[in-house]
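Numbering (my numbering), first residue to last: 2 to 393.
Note that CB positions come from ideal geometry on N, CA and C, so glycine has one too.
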Amino acid sequence: MKGLRALGLGREIALLAVILFMVEFVRGATIVSFIPIYGKDVLHISLAIIGTAITAHYLTDTILKIGIGYLLDRLSSRLIINIGLLISLIGVSLFYFGENPWVFVLAAALYGVGISPIWLVCLTKVNEEQRAAQMGFLYMIWLVGMGSGPVVLNVILDLSPRSAFLLILILSALAWGLSFFISGGVHTGAPASPVPFKEQWVALRERISAMKPLLPGMVLQTLGASMLVPILPTFASETLSLSSSQYSVLLLIGGGCTVLGLVPLGKWSDHKGRKPFLVIGFSIFAITLASLSLTPSIPLAYALAVILGISYAAVLPAWNALLALYVPPKQKGLGWSLLSTVEGIGVLIGPVLGGVIASYFAASTVVWVSASLFAVIAIIYILFPSRWFAER
Numbered sequence: 002m003k004g005l006r007a008l009g010l011g012r013e014i015a016l017l018a019v020i021l022f023m024v025e026f027v028r029g030a031t032i033v034s035f036i037p038i039y040g041k042d043v044l045h046i047s048l049a050i051i052g053t054a055i056t057a058h059y060l061t062d063t064i065l066k067i068g069i070g071y072l073l074d075r076l077s078s079r080l081i082i083n084i085g086l087l088i089s090l091i092g093v094s095l096f097y098f099g100e101n102p103w104v105f106v107l108a109a110a111l112y113g114v115g116i117s118p119i120w121l122v123c124l125t126k127v128n129e130e131q132r133a134a135q136m137g138f139l140y141m142i143w144l145v146g147m148g149s150g151p152v153v154l155n156v157i158l159d160l161s162p163r164s165a166f167l168l169i170l171i172l173s174a175l176a177w178g179l180s181f182f183i184s185g186g187v188h189t190g191a192p193a194s195p196v197p198f199k200e201q202w203v204a205l206r207e208r209i210s211a212m213k214p215l216l217p218g219m220v221l222q223t224l225g226a227s228m229l230v231p232i233l234p235t236f237a238s239e240t241l242s243l244s245s246s247q248y249s250v251l252l253l254i255g256g257g258c259t260v261l262g263l264v265p266l267g268k269w270s271d272h273k274g275r276k277p278f279l280v281i282g283f284s285i286f287a288i289t290l291a292s293l294s295l296t297p298s299i300p301l302a303y304a305l306a307v308i309l310g311i312s313y314a315a316v317l318p319a320w321n322a323l324l325a326l327y328v329p330p331k332q333k334g335l336g337w338s339l340l341s342t343v344e345g346i347g348v349l350i351g352p353v354l355g356g357v358i359a360s361y362f363a364a365s366t367v368v369w370v371s372a373s374l375f376a377v378i379a380i381i382y383i384l385f386p387s388r389w390f391a392e393r
């Protein structure tokens, strides 16, 4: 509790963090494990339909962020989250009838609709004076939830597929139940009377125009990371010669270092500024990622995973704090949703691009391309004047 108080986290954001953990646990378990494994082995759904379901999930989650952000500036956070998580629960429930391929796709799409609001609300509730540190904490919750969900569900799926379905159903219902305890009212920073959408859009357009130099980085960052998703297992086995257990250890080391580094590096970023963390973090990430393609020994691969995790932990809070400078104070919901949608473009393109490059060349080629994109981002931020990273 002392740690939470030191971060300035009140009851509201602590409750949101608990709900966020449950939502991301179920998301990770569903997207990485449940849909591919349960769909193929239990429901006997084709791989084409499984891929369509995953795409439908991310597509609805990305596209609807703008509309949800607009509503957050006009309605209470509790109402938006409550309705969203109810839709999410309905989506999970529909997997029970997933023998019908299009019901299976609809279930994944509805789940994408339902989970959109929670992260946006977290972004609007963060204290501006401690944004990097508090976002480090929320990113830690997000990563632990996303990472532990597939691990736990894989074990349960091997024992009882029905129990795996019940787990994600129960957790989805519990998250929805907890949403009733979120305080009512429109989030802090929203206007006393709703601003017409046309006026909001003009203000946002001015902010977007002001941050044009940052837009390439927003897309390239998520593009470079998401390119790696479909090829990582192949890269680990073919280039790094890792067994399945060794690959799991590699992921745990990298993810664990990221989780442990988010809060302290977020606090440091609050005090020292954003530009050094973004430039150094992206530079080290690019160099280390490229080094993995040089067929390192297993101990060296583990050491590189530590460096990757720490550099990623340096980037995430500072990047979020930088974006916060360009969100209109009275339009946080719509502003954050628009920025999240722009970042989501990279997530939608990256996996497809990574798969195509790997098919024509090799998995290691995708890693080199991804590393090059992160190097480009670092160079762009080196060239940016410091005023772009200062309070506006």
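**Asked** Is A376 helix, strand or coil when you go by DSSP?
**Response** helix
**Beta-carbon proximity list for S149, same chain, < 7 Å, skipping 5 on both sides** = F26
**Request:** Give me the Cα-Cα distance between S77 and I183, rounded to the nearest whole angstrom.
**Result:** 10 Å
**Message:** Short of 8 Å in beta carbon distance, which residues of its chain neighbour T366, apart from the five on each side in sequence? Order them along the chain.
**Reply:** I358 and A359
**Message:** I'd like to know whether the C-beta atoms of A364 and F278 end up nearer to each other than 7 Å.
**Reply:** no
**Asked** Between which two residues does the alpha helix (DSSP H) harbouring Y112 extend?
**Response** P102 to K126
**Item:** Local Cβ density within 10 Å of P217, reported as buried at 16 or more and exposed below that
**Value:** exposed
**Prompt:** Are the beta-carbon atoms belonging to P151 and G29 less than 7 Å from one another?
**Reply:** yes
**Item:** Delimiting residues of the alpha helix (DSSP H) encompassing S161
**Value:** Run containing S161: none; DSSP gives neither H nor E here.
**Asked** Is it right to say H45 is buried, meaning 16 or more other beta carbons lie within 10 angstroms of its own, or is it exposed?
**Response** exposed
**Prompt:** Looking at V114 and L65, is the spacing between their C-beta atoms short of 7 Å?
**Reply:** yes
**Message:** Just to check my reading of the structure: L309 and G255 have Cβ atoms closer than 8 Å, yes? What is that Cβ distance to the nearest angstrom?
**Reply:** 5 Å
**Request:** Rounded to whole angstroms, what's the CA-CA distance from L40 to V220? Just pull it up for me.
**Result:** Note that residue 40 is Gly in the sequence shown here, rather than Leu. One C-alpha to the other measures close to 31 Å.
**Message:** Need the endpoints of the alpha helix (DSSP H) that L323 sits in, please.
**Reply:** I299 to A325
**Asked** How many whole angstroms separate the CB atoms of L317 and L263, which I take to be in contact at a CB cut-off of 8 Å?
**Response** 6 Å
**Message:** Mapping the DSSP letters down to three states, classify S34 as helix, strand or coil.
**Reply:** helix
**Selection from N321, L172 and A287 that minimises the alpha carbon distance to N128** = N321
**Prompt:** Just to confirm, are A315 and L241 a CB contact at a threshold of 7 Å?
**Reply:** no
**Prompt:** If you follow the alpha helix (DSSP H) that F181 is part of, which residue opens it and which one closes it?
**Reply:** Run containing F181: none; DSSP gives neither H nor E here.
**Request:** Round the Cβ separation of V145 and F286 to the nearest angstrom and send it over; I've been treating them as touching at under 8 Å.
**Result:** Not quite, the Cβ-Cβ distance comes to about 20 Å (not below 8 Å), so this is no contact.
**Message:** To the nearest angstrom, how far is the alpha carbon of V353 from that of L229?
**Reply:** 10 Å
**Asked** Which residue from W103, W143, P162 and T289 puts its Cα closest to that of V19?
**Response** W143
**Prompt:** If you draw a straight line from the C-alpha of S180 to the C-alpha of H58, how long is it?
**Reply:** 22 Å
**Prompt:** Distance, Cα to Cα, P102 vs L323?
**Reply:** 42 Å
**Residue range of the alpha helix (DSSP H) that includes T296** = Counting along the chain, T296 falls outside any alpha helix (DSSP H), and DSSP gives it neither H nor E.
**Asked** Among the residues of its own chain, which have a CB less than 6 Å from the CB of G345, if the five just before and after it don't count?
**Response** T63
**Asked** In three-state terms, what does DSSP make of L21?
**Response** helix
**Candidates W177, L215, A15 and I32, of which the one nearest K126 by Cα** = A15
**Request:** Could you pull the start and end residues of the alpha helix (DSSP H) that V43 belongs to?
**Result:** No alpha helix (DSSP H) holds V43; DSSP gives it neither H nor E.
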